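Inspection log for the structure reproduced underneath, given as structure tokens.
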Amino acid sequence: MKPLRIGNFSGFYGDRSAALREMLTGGEVDVLTGDYLAELTMLILARDRLKDPSAGYARTFPRQLEDCLGLARERGVRIVTNAGGLDPAGLAGEIRRLADRLGIPVRVAHVEGDDLTAAHPGTLAAHAYLGGFGITECLRAGADVVVTGRVTDAALVTGPAAAHFGWRPDDHDAFAGAVVAGHVLECGTQATGGNYAFFTEGDVRRPGFPLAEIHADGSSVITKHPGTGGFVDVGTITAQLLYETGGARYAGPDVTARLDTVRLGPEGPDRVRIEGVRGEAPPPTLKVGLNRLGGFRNEVVFVLTGLGIEAKAALVREQLADALAKSPPREVRWELVRTDRADADTEETASALLRLVVRDPDQRVVGRALSGAAVELALASYPGFHVLAPPGKGAPYGVFEEVYVPYVGAVHVAVLHDGRRIPVPPPQETGPLAAVPDPPLPEPLPPGPTRRAPLGLVVGARSGDKGGNANVGVWARSEDAWRWLAHTLTADAFRRLIPESRDLPVTRHLLPNLRAVNFVVEGILGAGVAAQARFDPQAKALGEWLRSRHLDIPEALL
Numbered sequence: 001m002k003p004l005r006i007g008n009f010s011g012f013y014g015d016r017s018a019a020l021r022e023m024l025t026g027g028e029v030d031v032l033t034g035d036y037l038a039e040l041t042m043l044i045l046a047r048d049r050l051k052d053p054s055a056g057y058a059r060t061f062p063r064q065l066e067d068c069l070g071l072a073r074e075r076g077v078r079i080v081t082n083a084g085g086l087d088p089a090g091l092a093g094e095i096r097r098l099a100d101r102l103g104i105p106v107r108v109a110h111v112e113g114d115d116l117t118a119a120h121p122g123t124l125a126a127h128a129y130l131g132g133f134g135i136t137e138c139l140r141a142g143a144d145v146v147v148t149g150r151v152t153d154a155a156l157v158t159g160p161a162a163a164h165f166g167w168r169p170d171d172h173d174a175f176a177g178a179v180v181a182g183h184v185l186e187c188g189t190q191a192t193g194g195n196y197a198f199f200t201e202g203d204v205r206r207p208g209f210p211l212a213e214i215h216a217d218g219s220s221v222i223t224k225h226p227g228t229g230g231f232v233d234v235g236t237i238t239a240q241l242l243y244e245t246g247g248a249r250y251a252g253p254d255v256t257a258r259l260d261t262v263r264l265g266p267e268g269p270d271r272v273r274i275e276g277v278r279g280e281a282p283p284p285t286l287k288v289g290l291n292r293l294g295g296f297r298n299e300v301v302f303v304l305t306g307l308g309i310e311a312k313a314a315l316v317r318e319q320l321a322d323a324l325a326k327s328p329p330r331e332v333r334w335e336l337v338r339t340d341r342a343d344a345d346t347e348e349t350a351s352a353l354l355r356l357v358v359r360d361p362d363q364r365v366v367g368r369a370l371s372g373a374a375v376e377l378a379l380a381s382y383p384g385f386h387v388l389a390p391p392g393k394g395a396p397y398g399v400f401e402e403v404y405v406p407y408v409g410a411v412h413v414a415v416l417h418d419g420r421r422i423p424v425p426p427p428q429e430t431g432p433l434a435a436v437p438d439p440p441l442p443e444p445l446p447p448g449p450t451r452r453a454p455l456g457l458v459v460g461a462r463s464g465d466k467g468g469n470a471n472v473g474v475w476a477r478s479e480d481a482w483r484w485l486a487h488t489l490t491a492d493a494f495r496r497l498i499p500e501s502r503d504l505p506v507t508r509h510l511l512p513n514l515r516a517v518n519f520v521v522e523g524i525l526g527a528g529v530a531a532q533a534r535f536d537p538q539a540k541a542l543g544e545w546l547r548s549r550h551l552d553i554p555e556a557l558l
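My numbering puts the sequence shown at residues 1 to 558.
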């Protein structure tokens, strides 16, 4: 059977608006998927809906579609997207009105059942991560456009693949292969050189978007349209496979994919084959993401220039101590960022930043009293006093957490283009989600001379967030580098290199087929990205920080 060509045109809400047209015109494709949702996006949409009840979905998607709907229809390309956010029915209705106005006959269906907000009082949004079978039902009934709310990122690929190949729910290996392909596609150009550790090895100024040629057994080839920017190789695909994952078992409502069985291999320029993926029954419960308001936050960044940086920082802290003591915020965090250098030839490079962040359930505690106290220092503090921006009255911040519920807690329904509602049953077979024992370590490298050097000279890394946890995937590009990496970069070594993690649980997972280790650092992001608990709240650059740390590396690898 001919492979199904599934492409991606969006990896987040705000991605390249021209990508839909680029993917439609750049080469052959059967299905295009758009991923707009992340943990933070759900909170943003929920806050939009508080202001406007008709809001709740990605407003940019209909504008993209207006320019391309006729072209997609003409070329027989079906579009599947989670841009429905909190209101997939609302977005589906808008697309139908758009199609009527343009005179384009398209069948629009949507998927419901993820919204569990009513069952979780105190949340702004509580949504289950549904699988792909609702999408499958919509496509089997002839839909040209399928809109969902919160589904797993990989569901945008498993749904079309199951519809095309007729997979049954117990075709675990095929589904697992599609899940892996879906995980590669979900972040768009991260699979084609974007955000890549070795970005200098290709032209990544405007990477093309990826596509997967999926076969009936679930294996796939990841590639991109000819002539587009960026590049696809084993490294770019490895990096994306490690992004926001953890151990060997990658669980979802369609299947649990075994990442330790993934095999990657080159198949020509800008083509990487994914094969050998094994699947298991999905876990017995369904993940639900909860978003709520955590309180209010305020921030002031003082600029300290020239000499006596430490003394200037100490003065500001002493001067604000009284204001903070009168009505103490629940959380006060000071951070001195030494961006300054001695004898600098620009004022910016002679300056350091002193950052004050306060949080409290009461907006008044973090608001104007603190802001006023900071502003009053303008003529009464250290020489050269100024701030990056005037402090405000305090802004709300969000908190994310995940819980797990029985499948019957979410009524998964495919709403077809003709209004029929098709219930999607929960999985009949489930399996416990137990950790996989670590595989044996490879043979260590023989002893030899070493040199103190940055880790990133011999390994790549990619990092990301899952709620309050961060993951850092690290991979080697040669067998010898893997042998060294597996023995050297232990969880304890990670804690030494990343001091923020020293008092936190750090779990290391070995993935020999990818020549990779994947670290999960629990709690380093506090209550999630919306809480902005650290300088890099989504841990996007945590892997690059790790690569910049120095340790003793065998000279044979350098």
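The beta-carbon is built from N, C-alpha and C at its ideal position, and this holds for glycine as well. Since the model is a prediction, treat every value here as computed from it, not as a measurement.
CB contact flag (residue i, residue j, <8 angstroms)
{"i": "Phe231", "j": "Phe9", "result": "no"}
{"i": "Gly7", "j": "Leu211", "result": "yes"}
{"i": "Thr349", "j": "Asp340", "result": "yes"}
{"i": "Val146", "j": "Val221", "result": "no"}
{"i": "Gly159", "j": "Gly177", "result": "no"}
{"i": "Ala174", "j": "Ala239", "result": "no"}
{"i": "Asp492", "j": "Leu445", "result": "no"}
{"i": "Lys393", "j": "Gly419", "result": "no"}
{"i": "Val204", "j": "Gly194", "result": "yes"}
{"i": "Tyr407", "j": "Leu290", "result": "no"}
{"i": "Gly122", "j": "Leu86", "result": "no"}
Closest Cα partner of residue i within the set the options
{"i": "Leu457", "options": "Ala556, Ser381, Val365", "result": "Ala556"}
{"i": "Ser561", "options": "His509, Leu510, Gly528, Asn469", "result": "Residue 561 lies beyond the stretch modelled for the chain, which goes from 1 to 558, so this question has no answer here."}
{"i": "His412", "options": "His120, Glu112, Arg263, Tyr243", "result": "Glu112"}
{"i": "Val387", "options": "Val403, Thr305, Ala369, Leu455", "result": "Thr305"}
{"i": "Gln532", "options": "Arg421, Glu347, Glu39, Pro53", "result": "Glu39"}
{"i": "Val288", "options": "Leu379, Glu443, Glu401", "result": "Glu401"}
{"i": "Gln428", "options": "Ala197, His172, Arg73, Arg496", "result": "His172"}
{"i": "Thr261", "options": "Glu280, Gly56, Glu479", "result": "Glu280"}
{"i": "Gly34", "options": "Ser17, Arg49, Ile44, Met42", "result": "Ser17"}
{"i": "Asp153", "options": "Gly56, Phe165, Tyr129", "result": "Tyr129"}
{"i": "Leu356", "options": "Gly384, Lys224, Met1, Glu318", "result": "Glu318"}
{"i": "Ile563", "options": "His509, Gly448, Gly276", "result": "The chain is shown only over 1 to 558; residue 563 falls outside these bounds and no answer can be derived."}
{"i": "Ser548", "options": "Leu455, Leu514, Asp503, Asp217", "result": "Leu455"}
{"i": "Val506", "options": "Arg515, Val472, Pro512, Pro53", "result": "Val472"}
{"i": "Val474", "options": "Val405, Val424, Gly246", "result": "Gly246"}
Cut-off 6 angstroms between Cβ atoms - residues of its own chain near residue i, not counting five sequence neighbours on either side
{"i": "Leu20", "result": "Phe9, Gln64, Cys68"}
{"i": "Ser371", "result": "Pro391"}
{"i": "Val465", "result": "Position check: residue 465 holds Asp in this sequence, whereas Val was assumed. Counting only Cβ-Cβ distances below 6 angstroms, and skipping sequence neighbours, we find Leu525, Val529, Gln538, Ala539."}
Close beta carbons around residue i, own chain, < 7 angstroms, minus the five adjacent residues each side
{"i": "Val560", "result": "Since the first residue of the chain shown is 1 and the last is 558, residue 560 is not available in this structure."}
{"i": "Arg5", "result": "Glu28, Val29, Asp30, Leu211, Glu213"}
{"i": "Arg249", "result": "Thr256, Arg258, Leu433, Val436"}
{"i": "Pro282", "result": "Ala251, Gly252, Pro253, Asp254, Val255, Thr256, Pro427, Thr430"}
{"i": "Pro396", "result": "Leu293, Phe296"}
{"i": "Ala216", "result": "Met1, Phe165"}
Nearest-angstrom beta carbon gap, residue j and residue i [assumed within contact, 8 angstroms]
{"i": "Ala46", "j": "Leu124", "result": "4 angstroms"}
{"i": "Ala486", "j": "Val521", "result": "Actually they do not touch by this definition, with Cβ atoms about 19 angstroms apart."}
{"i": "Asp114", "j": "Arg150", "result": "4 angstroms"}
{"i": "Lys24", "j": "Leu71", "result": "According to the sequence shown, residue 24 is Leu rather than Lys. Going by Cβ atoms, the distance from Leu24 to Leu71 rounds to 5 angstroms, so yes, they are a contact pair."}
{"i": "Leu139", "j": "Val157", "result": "With a Cβ gap of about 12 angstroms, Leu139 and Val157 do not count as contacting."}
{"i": "Leu379", "j": "Phe302", "result": "Actually they do not touch by this definition, with Cβ atoms about 14 angstroms apart."}
{"i": "Thr148", "j": "Asn82", "result": "5 angstroms"}
{"i": "Thr192", "j": "Thr236", "result": "6 angstroms"}
Range of the contiguous beta strand (DSSP E) that encloses residue i
{"i": "Asp170", "result": "Taken as a continuous stretch (DSSP letters only), Asp170 belongs to no beta strand (DSSP E), as it is neither H nor E."}
{"i": "His127", "result": "125-128"}
{"i": "His550", "result": "550-554"}
{"i": "Asp360", "result": "351-360"}
{"i": "Arg96", "result": "Not the beta strand (DSSP E): Arg96 falls in the alpha helix (DSSP H), residues 88-102."}
{"i": "Phe302", "result": "286-305"}
{"i": "Phe400", "result": "395-405"}
{"i": "Arg107", "result": "Careful: Arg107 lies outside any beta strand (DSSP E) and carries neither H nor E."}
{"i": "Phe535", "result": "Unbroken run through Phe535: none, as it is neither H nor E."}
N- and C-terminal bounds of the alpha helix (DSSP H) containing residue i
{"i": "Phe494", "result": "491-497"}
{"i": "Phe199", "result": "Where Phe199 is concerned, there is no enclosing alpha helix (DSSP H), given that its DSSP letter is neither H nor E."}
{"i": "Gly367", "result": "Looking at the DSSP string, Gly367 is not in any alpha helix (DSSP H), and its letter there is neither H nor E."}
{"i": "Thr236", "result": "234-242"}
{"i": "Asp254", "result": "Note, Asp254: premise wrong, no alpha helix (DSSP H); not H, not E."}
{"i": "Val506", "result": "No alpha helix (DSSP H) holds Val506; the beta strand (DSSP E) holding it covers 506-511."}
{"i": "Leu65", "result": "60-75"}
Spatial neighbours of residue i in its chain, beta-carbon cut-off 8 angstroms, leaving aside the 5 residues before and after
{"i": "Arg534", "result": "Glu500, Ile524, Leu525, Gly526"}
{"i": "Arg73", "result": "Ile104, Pro105, Val106, Asp144"}
{"i": "Glu267", "result": "Val221, Arg273"}
{"i": "Leu234", "result": "First, the amino acid is wrong: residue 234 is Val here, not Leu. Excluding residues within five positions, the ones whose Cβ falls inside 8 angstroms are Leu264, Gly265, Pro266, Val272."}
{"i": "Thr117", "result": "Thr123, Leu124, Ala125, Ala126, His127"}
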